[in-house]
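Chains as they are written, first to last, in numbering that gives the first Met the number 0: chain Z, 0 to 397; chain D, 0 to 397. Ideal Cβ positions, reconstructed from N, Cα and C, are used throughout, including at glycine. All values reported here derive from a predicted model rather than from experimental measurement.
There are 2 protein chains.
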Amino acid sequence: MLKDLIRPHAGRILLVVADGLGGAPNVDGITEMEMARRTNLDELASKSSLGLTDPIETGVTPGSVPAHLALFGYDPHEFWVGRGAVEARGLNLKLLREDLCIRANFCTIDRKTGIVTDRRAGRIPTAKNEELVARIQSAMRKIDGIEVLVHSGMDYRFVVVLRGTGLSTRLGESDPEKEGLRPRPITALTWRAERTSEVVNEFLKKATELIKDEEKANYILLRGYAKPPDLEPINDRYWLKAACVAVYPAYKGLARILGMDVLDCGDTWESELNTVEQNLDKYDFFFLHLKELDKLGEDGKFAKKVEQLGKLDSLVPRITGMGFDVIVITGDHSTPAVLKAHSWHPNPFLLWSPWVRREGRAEFTERGCARGQLGRMSALEVMPLVLANARKLAKFGA
Amino acid sequence: MLKDLIRPHAGRILLVVADGLGGAPNVDGITEMEMARRTNLDELASKSSLGLTDPIETGVTPGSVPAHLALFGYDPHEFWVGRGAVEARGLNLKLLREDLCIRANFCTIDRKTGIVTDRRAGRIPTAKNEELVARIQSAMRKIDGIEVLVHSGMDYRFVVVLRGTGLSTRLGESDPEKEGLRPRPITALTWRAERTSEVVNEFLKKATELIKDEEKANYILLRGYAKPPDLEPINDRYWLKAACVAVYPAYKGLARILGMDVLDCGDTWESELNTVEQNLDKYDFFFLHLKELDKLGEDGKFAKKVEQLGKLDSLVPRITGMGFDVIVITGDHSTPAVLKAHSWHPNPFLLWSPWVRREGRAEFTERGCARGQLGRMSALEVMPLVLANARKLAKFGA
């Protein structure tokens, strides 16, 4: 229905996704946001409407991909975007419809027991990664008629693309997802996937043979088997011209899958803001992804996350000073440092436009947002609200 | 499911729809409701439960018809009621199932350029309207075997009913919806509508020829093509005896379409309340429609809307003094003066009965309602709440 109401409009929108923004209380009962310096955030909150959003549904902890899909208004119950495809598009690989994309990690295993001792191979430098990937690629071009393409990502991450016909995504993952376990065997989940499992196992066998004497990166974990998804481009869906400003490849990949332009930027929050500023006239929708809070949350670094939130606070004057008509500051999911992981807690959500009902005195914290006028809503309601405030929605009925 | 729970009961219900009630902040950050005198409203709010309702869905600005349908518990995603039919029933025309009803405006066009200079023909008096309609009707009874019925409404509004078989609603509207544009040509949107478009264009050609020398009302705009909808009557749906007290024809029309009795009343809020009072014993559900706030919002008259809200406040003792068992005061949609239009903002909602959980100290404002115990809900939840408080719903399950 929304689609029928959309009209063009010059209103400009900034969606700031502070990854892992929301938290949970430490032993003193205080969350990261509650402890952080929030002078500018609270001032903006007082002129905004606040609420909490659930990315998937109550109690469900989202991965980054479905959490972002929901924010962009693509129901994650309906649209599945596999991580392999996200990573491949994050490296800006051109994909064919039948390509099987696999997310791969170099890891360390104990040679005697075969147990994974470091899932990230001591976070080897990207240069080392590139050396190993080149070694594998030059030794392996095809397996049983299937083309093998191997591409380095950041640190210990790389992507394998298998190109051919009849490939299936229905395979078990080899990544045991924690240390102290052996990699899982890659098995076909249906008989139709049997040939694919043979090809993938053959790849794994040959590739790990090539790196087995490496000190750190002596094994490979595979997961996220996916074909490139075919989603309605965000520009068509909402009559926008959308740009993504993000440092991490996965978010760029998802943005590309949604048809956004991905802009070059440096790797600090400041340089990301510079990129937004330099492209203000070229787009009417900016997805600005800020990663660090999530990372600090996952590492359990409560105090560092508090500090980084203070940095977000210090960027608010730049964010509000760029002349946007609609500004959102929210998270994709919460990442409480006390949990060292993504969580099910709803996301703090701030919406500013000239038309919002202002909160008056307000705090941009989980509790402050829970008391906000928008109440608790689905993340799928974010885009409709954003579009309404950009005056891009016509009236429904007479 | 609701329907299976409904039982008869003597509880009497008053649903006050203050059209366009909710607002948005002015430059000082204050809404119309926040600025208004609310002595009685706030006192009632403190003994009531408060909340916010979304008529359609988050971010979607409703027209009056779907907004009211939702309030009465008819899902506007499911039930479509065309404006032509609403206007025709507003004039209390008896309609046949296959009638094509068209909402018509007299307007002013510039004779040289054909551009619409006033969509409302300077709000010509109803008497002038009647003169023109009589002129058109007496010159035109049939077009190509289709009966043509023309009926005056208020001011510049009138209704055309085409009676015959095979008529289609699938026509383009001629109303350009703003001034400074030419009327749009009326085209068939499907091949099945081609004959209808010929009839309508023939009507337009002949009718405008008859008025072309008028100073103000020298042209006609057509829109809202509709056949009479077939909705379950509200009395059957909820086991009620329902009456409508409204001044404007559209609301009377919708009430008639829902099977309510429409009571005669004067054209002030006081006289509407007199009508409710005089009919207290005859009905157990009153839909009391108060129009002015919406009009002032649409005209951008912030201060006047504030003043009119003070008037609503002054009527509260009469509203609460009539012995109703359940009282609701809410809007169909918000009409912020700063937007000069209907908006997507949720509606302030007040529910009083002896059984509600009282707010204690409360303000009947957008923010006060956002903090209310009912939270933010769909307008479709209003009737279930009203019926529950009237003790009209049996227990679900044992």
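message: Residues of the region 224-236 of chain D in Cβ contact with chain Z at a cutoff of 7 Å, in chain order, please.
response: none
message: If we define contact as Cβ-Cβ less than 8 Å, is leucine 4 of chain Z a contact residue for chain D?
response: Walking along the first sequence from the start, residue 4 of chain Z turns up at place 5. Closer than 8 Å: yes.
Chain-ordered neighbours of glycine 19 of chain D on chain Z, where CB pairs are closer than 9 Å: For the purposes of this step, residue 19 of chain D is taken as the residue at position 20 of the second sequence. Neighbours of glycine 19 of chain D on chain Z: none; closest Cβ ~13 Å, over 9 Å.
query: What do you get for serine 352 of chain Z, buried or exposed, if any count of 16 or more other CB atoms within 10 angstroms of its CB means buried?
result: On the first sequence, position 353 is the one that residue 352 of chain Z refers to. Buried: at least 16 other Cβ atoms inside 10 Å.
- request: Out of Z:Lys300, Z:Gly165, Z:Ala241 and Z:Lys215, state which residue places its alpha-carbon closest to the alpha-carbon of leucine 287 of chain Z.
  value: As a first step, residue 287 of chain Z is located in the first sequence; it is residue number 288 there, counting from the start. Of the candidates Z:Lys300, Z:Gly165, Z:Ala241 and Z:Lys215, the one whose C-alpha sits nearest the C-alpha of leucine 287 of chain Z is Z:Ala241.
- request: Would you kindly work out how many angstroms separate the C-alpha atoms of alanine 254 of chain Z and alanine 133 of chain Z, rounded to a whole number?
  value: Mapped onto the first sequence, residue 254 of chain Z falls at position 255. Mapped onto the first sequence, residue 133 of chain Z falls at position 134. Distance between the alpha carbons of alanine 254 of chain Z and alanine 133 of chain Z is about 27 Å.
- request: Under 8 Å by Cβ, that's how I've got proline 347 of chain D and glycine 89 of chain D pegged, so tell me the actual separation to the nearest angstrom.
  value: By one-based count along the second sequence, residue 347 of chain D stands at place 348. By one-based count along the second sequence, residue 89 of chain D stands at place 90. Actually they do not touch by this definition, with Cβ atoms about 26 Å apart.
- request: Could you tell me whether any Cβ in chain Z is nearer than 8 Å to the Cβ of glutamate 56 of chain D?
  value: Residue 56 of chain D sits at position 57 when you count from the first residue of the second sequence. At least one chain Z Cβ lies under 8 Å of glutamate 56 of chain D.
- prompt: Helix or strand or just coil, what does DSSP make of asparagine 346 of chain D?
  reply: Residue 346 of chain D sits at position 347 when you count from the first residue of the second sequence. Here asparagine 346 of chain D sits in strand by DSSP.
- request: Give the range of the beta strand (DSSP E) segment to which tyrosine 218 of chain D is assigned.
  value: Start at 1 with the first residue of the second sequence, and residue 218 of chain D comes out as number 219. Tyrosine 218 of chain D -> beta strand (DSSP E) spans 218-225.
- prompt: For a contact meaning CB atoms closer than 9 Å, what does glutamate 380 of chain Z contact in chain D?
  reply: Reading the first sequence from its first residue, position 381 is the one you call residue 380 of chain Z. Result: Glu56, Thr57 and Gly58.
- request: Let me know the secondary structure DSSP gives cysteine 100 of chain Z once reduced to three states.
  value: What you label residue 100 of chain Z is simply residue 101 of the first sequence in a count that begins at 1. Note: cysteine 100 of chain Z maps to strand in three-state DSSP.
message: I believe isoleucine 233 of chain D touches valine 80 of chain D by the beta-carbon criterion, under 8 Å. Please report the beta-carbon distance rounded to the nearest angstrom.
response: Looking up residue 233 of chain D in the second sequence gives position 234. Looking up residue 80 of chain D in the second sequence gives position 81. With 8 Å as the limit, isoleucine 233 of chain D and valine 80 of chain D do not qualify as a contact, their Cβ atoms being about 13 Å apart.
query: Is there at least one Cβ from chain D nearer than 8 Å to tryptophan 354 of chain Z's Cβ?
result: If you number the first sequence from 1, residue 354 of chain Z lands on position 355. Yes, contact with chain D.
task: Find out if the Cβ-Cβ distance for the pair phenylalanine 323 of chain D, alanine 44 of chain D is shorter than 8 Å.
output: Position 324 of the second sequence, counting from 1, holds the residue named residue 323 of chain D. Position 45 of the second sequence, counting from 1, holds the residue named residue 44 of chain D. Not in contact: phenylalanine 323 of chain D and alanine 44 of chain D (Cβ atoms no closer than 8 Å).
Residues near tryptophan 238 of chain D by beta carbon distance below 6 Å, same chain, minus five either side: Walking along the second sequence from the start, residue 238 of chain D turns up at place 239. Once the five neighbours on either side are set aside, the close Cβ partners of tryptophan 238 of chain D are Ile5 and Pro7.
task: Return helix, strand or coil for alanine 192 of chain Z, following the three-state DSSP convention.
output: Sequence index remark: in the first sequence, residue 192 of chain Z carries index 193 (1-based). Helix, per DSSP.
- request: Determine which residues share a DSSP beta bridge with tryptophan 79 of chain D and list them.
  value: Against the second sequence, residue 79 of chain D aligns to sequence position 80. In the DSSP output, where bridge partners are listed per residue, tryptophan 79 of chain D has none listed.
query: Under three-state DSSP, which class holds histidine 67 of chain D?
result: As a first step, residue 67 of chain D must be located in the second sequence, where it is residue number 68. Of the three classes helix, strand and coil, the one that applies to histidine 67 of chain D here is helix, per DSSP.
task: List the endpoints of the continuous alpha helix (DSSP H) containing cysteine 243 of chain Z.
output: Numbered from 1 along the first sequence, position 244 holds the residue referred to as residue 243 of chain Z. From DSSP, cysteine 243 of chain Z is part of no alpha helix (DSSP H) but of the beta strand (DSSP E) over 241-244.
- prompt: How big is the Cα-Cα spacing for proline 24 of chain D and leucine 308 of chain Z?
  reply: Stepping through the second sequence from its first residue, residue 24 of chain D is reached at position 25. Stepping through the first sequence from its first residue, residue 308 of chain Z is reached at position 309. Proline 24 of chain D and leucine 308 of chain Z have their C-alpha atoms roughly 29 Å apart.
message: Quick check on phenylalanine 284 of chain D: does DSSP put it in helix, strand or coil?
response: Against the second sequence, residue 284 of chain D aligns to sequence position 285. DSSP places phenylalanine 284 of chain D in strand when its eight states are reduced to three.
For histidine 202 of chain Z, the three-state DSSP class (helix, strand or coil): Reading the first sequence from its first residue, position 203 is the one you call residue 202 of chain Z. In the sequence under discussion, the amino acid at residue 202 of chain Z is phenylalanine, which differs from the histidine named in the question. In this structure, phenylalanine 202 of chain Z counts as helix in the three-state DSSP scheme.
query: For a contact meaning CB atoms closer than 7 Å, what does leucine 203 of chain D contact in chain Z?
result: For the purposes of this step, residue 203 of chain D is taken as the residue at position 204 of the second sequence. Result: empty, since nearest Cβ-Cβ is about 20 Å, beyond 7 Å.
field: Touch test, the region 172-182 of chain D against the region 145-155 of chain D, Cβ-Cβ under 8 Å, three pairs minimum
entry: no
Whole-angstrom distance between leucine 272 of chain Z and valine 325 of chain D, CA atom to CA atom: As a working note, residue 325 of chain D is residue 326 in the second sequence. As a working note, residue 272 of chain Z is residue 273 in the first sequence. Using only the alpha carbons, I get a separation of about 54 Å.
query: What's the C-alpha gap between alanine 369 of chain Z and arginine 360 of chain D?
result: Here the question's residue 369 of chain Z lines up with position 370 in the first sequence. Here the question's residue 360 of chain D lines up with position 361 in the second sequence. The straight-line gap from Cα to Cα measures roughly 20 Å.
Proximity winner among D:Lys204, D:Glu77, D:Val355 and D:Gly367, relative to proline 345 of chain D (alpha-carbon distances): Numbered from 1 along the second sequence, position 346 holds the residue referred to as residue 345 of chain D. The closest CA to that of proline 345 of chain D, considering only D:Lys204, D:Glu77, D:Val355 and D:Gly367, is found on D:Gly367.
Same chain only: Cβ atoms within 7 Å of valine 261 of chain Z, ignoring 5 sequence neighbours per side: By one-based count along the first sequence, residue 261 of chain Z stands at place 262. If we look at valine 261 of chain Z and ignore the five residues flanking it on each side, its Cβ neighbours are Cys243, Lys251, Ala254 and Arg255.
- request: Kindly indicate if chain D contains any beta-carbon less than 8 Å away from that of valine 392 of chain Z.
  value: As a working note, residue 392 of chain Z is residue 393 in the first sequence. In the sequence as displayed, the identity of residue 392 of chain Z is leucine instead of valine. The C-beta of leucine 392 of chain Z comes closer than 8 Å to at least one C-beta of chain D.
task: Go ahead and pull the three-state DSSP assignment for glycine 19 of chain Z.
output: Position 20 of the first sequence holds residue 19 of chain Z. Note: glycine 19 of chain Z maps to strand in three-state DSSP.
- request: Output the boundary residues of the beta strand (DSSP E) element that contains isoleucine 326 of chain Z.
  value: Here residue 326 of chain Z is taken as the residue at index 327 of the first sequence, counted from 1. Isoleucine 326 of chain Z -> beta strand (DSSP E) spans 325-329.
- request: Give the range of the beta strand (DSSP E) segment to which threonine 52 of chain D is assigned.
  value: In the second sequence, residue 52 of chain D corresponds to position 53, counting from 1. Here the beta strand (DSSP E) through threonine 52 of chain D covers 48-53.
Reference phenylalanine 284 of chain Z, options Z:Lys391, Z:Gly62, Z:Ala66 and Z:Phe78, closest by Cα: Along the first sequence, one-based indexing puts residue 284 of chain Z at 285. Measuring from the Cα of phenylalanine 284 of chain Z, the nearest candidate turns out to be Z:Lys391.
- prompt: Three-state secondary structure (DSSP) at arginine 162 of chain Z?
  reply: Taking the first sequence and counting its residues from 1, the one referred to as residue 162 of chain Z is at position 163. The answer is strand: DSSP assigns arginine 162 of chain Z an E or B state.
Local conformation of serine 173 of chain Z per DSSP, three classes: Residue 173 of chain Z sits at position 174 when you count from the first residue of the first sequence. Looking at serine 173 of chain Z - three-state DSSP - the assignment turns out to be coil, as it is neither helix nor strand.
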